[in-house]
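Q: Structure below; questions to follow.
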Amino acid sequence: MSLRTYYVVFGALLALTALTTAAAYVHVGGIGPLPADAIHLAIALSIAAVKATLVGLYFMHIRHAGGLTRLFAIAAIGWLVILMALTFADIARR
Amino acid sequence: MHTSSTLTEHTADRGRAGHVPGLAHHFDDLAQQRQAGTLGMWAFLITEVMFFGGMFTAYAYYRYRYPAAFAAGSAHLDVTLGTINTAVLIGSSLTMVLAVHAAQLGRNRDIVRFFLMTIGLGLVFLVIKAFEYGHKWRDHLVPGRHFRWHGDGGGGPVQLFYSLYFAMTGMHALHMVIGMALIGVLAVMAGRGRFTPQNHNAVENIGLYWHFVDVIWIFLFPLLYLLGVHT
Amino acid sequence: MTTLPYSSPPTELNYLNVRYTLASWLLSVDHKRIAILYLLTITFFFALGGIFAVLIRMDLATPSPDLVTSETYNKLFTMHGVAMVFFFLIPGVPAVFGNFLVPMMIGARDLAFPRLNLLSWYIFATGGLFTLTSMVLGGVDTGWTFYTPYSSTYANTHVISAALGIFLTGFSSILTGLNFLVTIHTMRAPGMTWFKMPLFIWAHYATSIIILLGTPVVAIAIVLVFIERVFRIGIFDPALGGDPILFQHLFWFYSHPAVYIMILPSMGIVSELVTCFSRRRIFGYKFVAMSSVLIAVIGFLVWGHHMFVSGQGMYASLVFSYLSFFVAIPSAVKVFNWTATLYKGSISYHAPMLYVFGFVGLFTIGGLTGLFLANLGLDVHVHDTYFVVAHFHYIMVGGVIMAYMGGLHFWWPKMTGRLYSEGWARLGALIIFVGFNLTFFPQFLLGYLGMPRRYHYYPEEFQVLNVMSSAGATILGVGYLIPIVYLVWSLRWGPVAGPNPWGAKGLEWQTSSPPPTENFETTPVVTEEPYAYEEDAEVAVAH
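Chains as they are written, first to last, in the working numbering: chain A, -13 to 80; chain B, 1041 to 1271; chain C, 1356 to 1898.
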């Protein structure tokens, strides 16, 4: 991967960091049943996910890695989802 | 498992090569050794995801249950320092990826240079973090007997927030310290000219580890610091 | 024992006689030597856990607490569980037989990371020392599950060192799993495609997946209990609004799949043995292989069935109950396929095969009673009774230890180069089977009648069944002592085994016994599918 790509990704990550901090200060109302809190969380987590994806794809070279590496990355996320989802199945409806 | 064919390709011509520098006795060639190393690092990162995942689950649970207390607790964290630290860590990821790039070209002096920059940025992060911890101690926000809370949200759940804050950022900082020590060792090796374009797996693996630690912070930052800003 | 096809010259260098110094063992990175180190260590913990079990059964022989106090009894069952689960059953098959056989079965010279492998043993031994320390200092009484807030706040026993020991052994387990996973992916011999791998390897692959994805979660759960106890901060503390049930979620997310860390490698052993001693190809190879992976995956979706009466939400319990039934499908696939493999086979009843029969029968009983417990309504009735105790001992002792003993007898000639006394071995297997059933079958009845677990006194009408159980435990104990005697005897006086005493397929039998340090003279090339026994079907096991 070229050095240029690394610098572009670095710039994007810094911009997204500024964006996520700025977004936290923006006043949003609730949309439908969703409170403002949930919308802020959704925005913050979406930006974090984009940043993590950038780091993974370009800095950790998943973009050029074999299918097995991708499978590993997906498995880790999938199992985290299992852990959280089934735990929440309990606490959200206790 | 469609990668299995490519995985076995290199074993087709396996045999005991003579003395290839840097090749362990039980591998057939450097390609196999490198593949094993990379795969091992990714497998290790999976375990790290689940390790931090347990704490993220605890965080999600208590935040779901005590949103007001978590926002109130979060409002006492310093967003400016948090943002600066995020930028510092992203910078260290850049210098790390530049070190890996240098390793791919076999430029050992550049590896040393970028490794030292990475360690330096890591130190900046930890110093800022230490100042933050100090402020929390002064403000009686460290959980335990010392903890005092006069705001709203209830002292108990706010203390839960701070317990998780210290557990998560502390575990993250511990990972950074370990990473910096390992980078230091590899920097010495690079100083002795140990890495070649064919054999620099250790540099790539420490890079993966360091970026992973960065990714953890990318999630910790909004979850911990930005939660209470808008309230 | 009449014809020995091959007798190895005593001068041949192998992994055992290449060097004799203590340092050459303690610093060895040879996977086979590390397997032996693990064998010795876990045998010690098995004996330790066994002693605790004997004391428990002695106390339970009478309805009144006449041997130990309540506090001591709590420590006994805790330390029995800790020693057996974390230091014998979980590392048992993978760290001993997996370490020894995974590289050999796929035609590799070692595991991918030999030094990491040695490190894992040292971490394991250090964890063992921490746990032993807590036992010597006076023990732990939290139960092997370390439930909060008792473990984090109220227990006055040595929780910290025991928890630290378990954290470390988990770390060692992760290193082993990581090593297997990478080795199986990258180091298979030419021609060893995924579907030519022995089922033992598939089982260890699935086990490694569970270890890597599950162990870190229990590690962090233990770390959180640790810091809550040491620094007096609250994470699960109800006084601060924390939820102890969160700990149970994190704990069982690993500790239920941990049962599959124990049983899957055992099932791998059974697949190897059942084909060899019936001289048949395995029936439904791909189904048996995939059922291992399926058990590994489904195993992660069922942990809440440990928490039906813990205060877990009703809807979650419903989901967990339904999902738990699904584990029965891949488990049954295995049992049916082993049974079908026997059909029209030339079955020989050697000691390893006797253990296989024991495994299949006892695992089936353990598995079916597991379905009772997955049933939400019935579980409320028998939860925390001896029914549960009997159920998981049928899986862990009747299943795992039977397979462990079968594997030990099957590969003993490979590991040591010597044959043991077949007659004594069969007798031992029989005694273990009888003793096991006499110990644990009455416990199903006790539990169904309502005797709770973890109490050391009980109403007098339960005494007959309890005496049966204690008598059975005595027989079981004798059964475990016999193999120690004849196996140790065989080391010096046993006949030389030769490379392949069972006429078994599999790469590990194509090299000498004991194998040389690098396993094979020349790297083997795999051309046939595993378990290609039928070409020489008429030849049953020779002696």
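The beta-carbon is built from N, C-alpha and C at its ideal position, and this holds for glycine as well.
(1) In terms of residues, what are the limits of the alpha helix (DSSP H) holding G53 of chain A?
(2) If you measure from the beta carbon of V1688 of chain C to each beta carbon in chain A, is any gap under 8 Å?
(3) Tell me, please, whether the CB atom of Y1101 of chain B is closer than 8 Å to any CB atom in chain A?
(4) Please state whether DSSP places V1851 of chain C in a helix, a strand or coil.
(5) Among B:T1087, B:R1185 and B:I1130, which one has its Cα closest to the Cα of F58 of chain A?
(6) Relative to the C-alpha of L1368 of chain C, which residue among C:P1869, C:M1547 and C:Y1886 is closest?
(7) Per the DSSP calculation, R1773 of chain C is bridged to which residue(s)?
(8) Per DSSP, what are the beta-bridge partners of L20 of chain A in this structure?
(9) Is the segment 1137 to 1150 of chain B close to the segment 1238 to 1249 of chain B, with three or more CB pairs under 8 Å?
(10) Whole alpha helix (DSSP H) runs in the segment 1080 to 1147 of chain B with 4 or more residues, listed along the chain?
(11) Report the rounded CA-to-CA distance for W1082 of chain B versus V1255 of chain B, giving the unit in angstroms.
(12) For L1619 of chain C, is the beta carbon positioned less than 7 Å from some heavy atom of the ligand SAM?
(13) Name, please, each residue of chain C whose Cβ falls closer than 7 Å to the Cβ of I25 of chain A.
(14) Please name the residue, chosen from B:Q1144, B:R1234, B:D1179 and B:L1166, that lies closest to W1257 of chain B on a Cα-to-Cα basis.
(15) Which residues mark the beginning and the end of the alpha helix (DSSP H) in which V1409 of chain C is found?
(16) Between G1597 of chain C and I1590 of chain C, which are expected to be in contact by the criterion C-beta below 8 Å, what is the C-beta distance as a whole number of angstroms?
(17) Please go through the same chain and pick out, in chain order, the residues whose beta-carbon is closer than 6 Å to the beta-carbon of H1660 of chain C, but skip the five residues on each side of it.
(18) Over the uninterrupted alpha helix (DSSP H) stretch that includes G1483 of chain C, give me the two end residues.
(19) How big is the Cα-Cα spacing for R80 of chain A and S1672 of chain C?
(20) Answer yes or no: do R1470 of chain C and S1825 of chain C have a C-beta to C-beta separation smaller than 8 Å?
(21) If the cut-off is 8 Å on Cβ atoms, which residues from the segment 1076 to 1089 of chain B count as contacting chain A, listed in chain order?
(22) Do L1601 of chain C and I1650 of chain C come within 8 Å of each other at the CB atom, strictly closer than that value?
(23) Assuming T1508 of chain C and D1592 of chain C make a contact with CB atoms under 8 Å, what is their CB distance in whole Å?
(24) What separation, rounded to the nearest whole angstrom, lies between the Cα atoms of A1510 of chain C and Y1428 of chain C?
(25) So with CB distances below 8 Å, who are the chain A contacts of A1143 of chain B?
(26) What is the DSSP secondary structure of P1685 of chain C, reduced to helix, strand or coil?
(27) Determine the DSSP secondary structure at P1838 of chain C, reduced to helix, strand or coil.
(28) In the structure shown, what three-state DSSP assignment does P1917 of chain C receive?
(29) Rounded to the nearest angstrom, how far is the Cβ of L1785 of chain C from that of G1827 of chain C, given a contact under 8 Å?
(30) Tell me T1740 of chain C's beta-bridge partners as DSSP assigns them.
(31) Helix, strand or coil for I1588 of chain C, going by three-state DSSP, please let me know.
(32) Let me see if you follow: with CB-CB separation under 8 Å, is P1107 of chain B close to chain C or not?
(33) Does DSSP put Y1759 of chain C in a helix, a strand or coil?
(34) Given a threshold of 16 other Cβ atoms within 10 Å of its Cβ, counted over all protein chains shown, does T6 of chain A qualify as buried or as exposed?
(35) Which residues in the same chain have their Cβ closer than 6 Å to the Cβ of A1463 of chain C, if we skip the five residues on either side of it in sequence?
(36) Can you find a CB in chain C that lies within less than 8 Å of the CB of R1149 of chain B?
A: Once the coordinates are examined:
(1) G53 of chain A -> alpha helix (DSSP H) spans G53 to I77.
(2) So no, V1688 of chain C is outside the interface.
(3) Judged by the 8 Å Cβ criterion, Y1101 of chain B is in contact with chain A.
(4) DSSP places V1851 of chain C in strand when its eight states are reduced to three.
(5) If we check each option's Cα against that of F58 of chain A, B:T1087 comes out closest.
(6) For L1368 of chain C, the nearest C-alpha among the options comes from C:P1869.
(7) In the DSSP output, where bridge partners are listed per residue, R1773 of chain C has C:V1851.
(8) Checking the DSSP bridge columns, you'll see L20 of chain A partnered with A:I17.
(9) In short, these stretches touch, since the Cβ pair count reaches three.
(10) With a minimum length of 4 residues, the continuous alpha helix (DSSP H) runs that stay inside the segment 1080 to 1147 of chain B are 1107 to 1114 and 1119 to 1144.
(11) The alpha-carbon atoms of W1082 of chain B and V1255 of chain B are separated by roughly 14 Å.
(12) Among the components of this structure there are no ligands whatsoever, and the ligand SAM is therefore not found.
(13) The contacting residues do not exist; I25 of chain A stays about 26 Å from chain C at best.
(14) Checked all of B:Q1144, B:R1234, B:D1179 and B:L1166; the closest Cα to W1257 of chain B is B:L1166.
(15) In the DSSP assignment, V1409 of chain C falls within the alpha helix (DSSP H) that extends over H1386 to D1414.
(16) With 8 Å as the limit, G1597 of chain C and I1590 of chain C qualify as a contact, their Cβ atoms being about 6 Å apart.
(17) Cβ within range, chain order: F1675, S1679 and A1729.
(18) Residues P1469 to V1491.
(19) So the alpha carbons of these two residues sit roughly 10 Å apart.
(20) For R1470 of chain C and S1825 of chain C, no; Cβs fall outside 8 Å.
(21) Those residues of the segment 1076 to 1089 of chain B that come within reach of chain A (Cβ to Cβ, closer than 8 Å) are T1078, L1079, W1082, A1083, L1085, I1086 and V1089.
(22) No, Cβ-Cβ distance for I1650 of chain C and L1601 of chain C is not below 8 Å.
(23) Your pair T1508 of chain C and D1592 of chain C checks out as a contact, with CB atoms roughly 7 Å apart and the cut at 8 Å.
(24) Rounded to whole angstroms, A1510 of chain C to Y1428 of chain C spans 15 Å at the Cα level.
(25) Chain-order list of chain A residues neighbouring A1143 of chain B: empty, with the shortest C-beta distance near 13 Å, by a criterion of under 8 Å.
(26) P1685 of chain C sits in a helix when the DSSP states are folded into three classes.
(27) It is helical.
(28) Chain C is shown from 1356 up to 1898; residue 1917 of chain C falls before or after that span and cannot be answered.
(29) Going by Cβ atoms, the distance from L1785 of chain C to G1827 of chain C rounds to 14 Å, so no, they are not a contact pair.
(30) In the DSSP output, where bridge partners are listed per residue, T1740 of chain C has C:P1807.
(31) Coil at I1588 of chain C, not helix or strand.
(32) By the rule that beta-carbons nearer than 8 Å mark a contact, P1107 of chain B does not touch chain C.
(33) Here Y1759 of chain C carries a helix assignment [DSSP, helix/strand/coil].
(34) By the neighbour-count definition (other C-beta atoms within 10 Å, threshold 16), T6 of chain A is a buried residue.
(35) Same-chain partners within the cutoff: M1542.
(36) Contact with chain C is absent for R1149 of chain B, since none of that chain's Cβ atoms lies less than 8 Å from the residue's Cβ.
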